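One structure is given here, and the rest of the page talks about it.
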Amino acid sequence: ERFRHDYLEIRDLRVVFDGFVAVDGVDLTVTRGDLRFLIGPNGAGKTTIVDAITGLAPATGSVQFGRVDLLGKPSHRIVRAGVGRTFQTASVFDELTVLQNLDIAAGAGRQPLTMLRRRRGIPPEVEAALETVGLTKVRDLPAGVLAHGQKQWLEIGMLLVQDARLLLLDEPVAGMSQAEREETGLLLQRIGEQRTVVVVEHDMEFLRAFAASVTVLHQGKVLSEGTVAQVQADPRVVEVYLGS
Ligand code: ADP
5 ERFRHDYLEI RDLRVVFDGF VAVDGVDLTV TRGDLRFLIG PNGAGKTTIV DAITGLAPAT
65 GSVQFGRVDL LGKPSHRIVR AGVGRTFQTA SVFDELTVLQ NLDIAAGAGR QPLTMLRRRR
125 GIPPEVEAAL ETVGLTKVRD LPAGVLAHGQ KQWLEIGMLL VQDARLLLLD EPVAGMSQAE
185 REETGLLLQR IGEQRTVVVV EHDMEFLRAF AASVTVLHQG KVLSEGTVAQ VQADPRVVEV
245 YLGS
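All residue numbers for the sequence shown refer to my numbering, where the first residue is 5 and numbers rise by one.
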């Protein structure tokens, strides 16, 4: 089946900004079905790793997703390889409806010829994404009126219709209510069964409830890796968190 080879394999990733080493020889392997969280103190290099994967930071080493080496590829090529990301602030079109937002995202991942095809009704992939992210009932509302959590889910839905098979999510539960956090955790678990998901997150309570595995970064390096319980018991992690 088509998702079989979807694993992310990062080797010796380095990102240097004006002589400052932000990411310093990171190795990271994330397989499909592994809901992986990246944690670490501010400035540890988490966002820069995501930027490097998506072509937004100058990097060396290798970033393999499936059969494609992403490093040095232009953004559109990285999207076409099945990589999608969200940012801390949801970037949806407020004046357009939920459905229209999803439709545009679906178009972005399509070949021009397919886009020319006249469509009747809601495309099946859009219908499925609405269902998955739980926005079917609000599909005709302008995105601008959605609750904060719903906007984040819409953004995740947009990645699903783009057919992203590697989802990189930057602090998806920031600013969410407790109920929205729980919804989001379950949503990520569902998506993680089918796709490769990497989440940058600070919230330890959220991690304890939902993370399958955790990579702890510190000063641009991998400090520890394992289950939440394993990394929490790691003396190096305790030291970094107590010391900061
Ligand atoms: P985290 O996401 O773990 O908080 P970041 O990846 O945002 O950390 O940042 C890692 C380090 O790299 C920080 O010291 C940050 O100041 C630096 N950094 C990030 N982006 C840039 C940039 N574009 N230019 C210079 N330094 C940067």
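For each residue, glycine too, the CB sits at the ideal point set by N, CA and C.
Nothing here was measured: the structure is a model prediction, and the numbers come from that model.
>> Using C-beta distances below 6 Å, list every residue in its chain close to E243, excluding the 5 sequence neighbours before and after it, in chain order.
In response: If the five residues before and after E243 are omitted, its C-beta is found closer than 6 Å to no C-beta atom of its own chain.
>> Residues around the ligand ADP, please: the ones whose beta-carbon is closer than 5 Å to some heavy atom of it, in chain order.
In response: This selection yields F21, A26, N46, G47, A48, G49, K50, T51 and T52.
> How about the stretch 94–107 and the stretch 132–150: do they share at least three Cβ pairs that are nearer than 8 Å?
Replying inline: A contact is defined here as three or more CB-CB pairs under 8 Å, and the stretch 94–107 meets this definition with respect to the stretch 132–150.
> With 16 as the cutoff for other CB atoms within 10 Å, does D16 come out buried or exposed?
Replying inline: Exposed, by the Cβ-count rule.
>> Just list the residues that DSSP pairs D249 with in beta bridges.
In response: The structure shown does not extend to residue 249, since the chain is modelled only from 5 to 248, so the question has no answer here.
> Beta-carbon separation of E209 and G153 under 9 Å?
Replying inline: In this structure, G153 does not lie closer than 9 Å to E209 by Cβ.
>> Please report the straight-line C-alpha distance between A26 and V34, rounded to a whole angstrom.
In response: Those two C-alpha atoms are separated by around 21 Å.
>> I'd like the span of the beta strand (DSSP E) that includes H222, first residue to last.
In response: Unbroken beta strand (DSSP E) run through H222: S217 to H222.
> Looking at C-beta atoms only, is the number of pairs between the stretch 62–69 and the stretch 39–51 that lie closer than 8 Å three or more?
Replying inline: Between the stretch 62–69 and the stretch 39–51 there are fewer than three inter-stretch CB-CB distances shorter than 8 Å, so the stretches are not counted as touching.
> What are the start and end residues of each continuous beta strand (DSSP E) run of 3 or more residues lying completely inside the stretch 10–34, in chain order?
Replying inline: You should have 12–21 and 24–34.
>> Quick test of your reading: V201 and L192, contact by CB under 8 Å. State the CB separation rounded to the nearest angstrom.
In response: That pair is a contact at about 6 Å.
> What residues in its chain sit with their C-beta under 6 Å from that of V67, if we drop five residues either side in the sequence?
Replying inline: Sequence-distant Cβ neighbours of V67 in its own chain, meaning closer than 6 Å and more than five residues away, are I14, I57, L74 and L75.
>> Helix, strand or coil for T101? Go by DSSP, reduced to three states.
In response: It is a strand residue.
> How many angstroms separate the CA atom of V142 from the CA atom of L246?
Replying inline: Each residue's Cα considered, the two are about 44 Å apart.
>> Between which two residues does the alpha helix (DSSP H) holding A132 run?
In response: For A132, the uninterrupted alpha helix (DSSP H) segment begins and ends at P128 to V137.
> Assuming L170 contacts G86 under a Cβ cut-off of 8 Å, what Cβ separation, rounded to an integer in Å, is found between them?
Replying inline: About 6 Å; that satisfies the 8 Å criterion.
> Where does T231 fall in DSSP's three states?
Replying inline: Looking at T231 - three-state DSSP - the assignment turns out to be coil, as it is neither helix nor strand.
> Which of helix, strand or coil does DSSP assign to P45?
Replying inline: Correct three-state label for P45: coil.
> Taking Cβ positions, are H206 and E175 nearer each other than 9 Å?
Replying inline: Their beta carbons are under 9 Å apart, which means H206 touches E175 by this criterion.
> Apart from the five residues just before and just after P116, which ones in its own chain have a Cβ nearer than 8 Å to its Cβ?
Replying inline: Reliability of the predicted coordinates at P116 is poor, the pLDDT of 47 falling under 50, and the value obtained from them is presented with this limitation in mind. Around P116: no qualifying Cβ.
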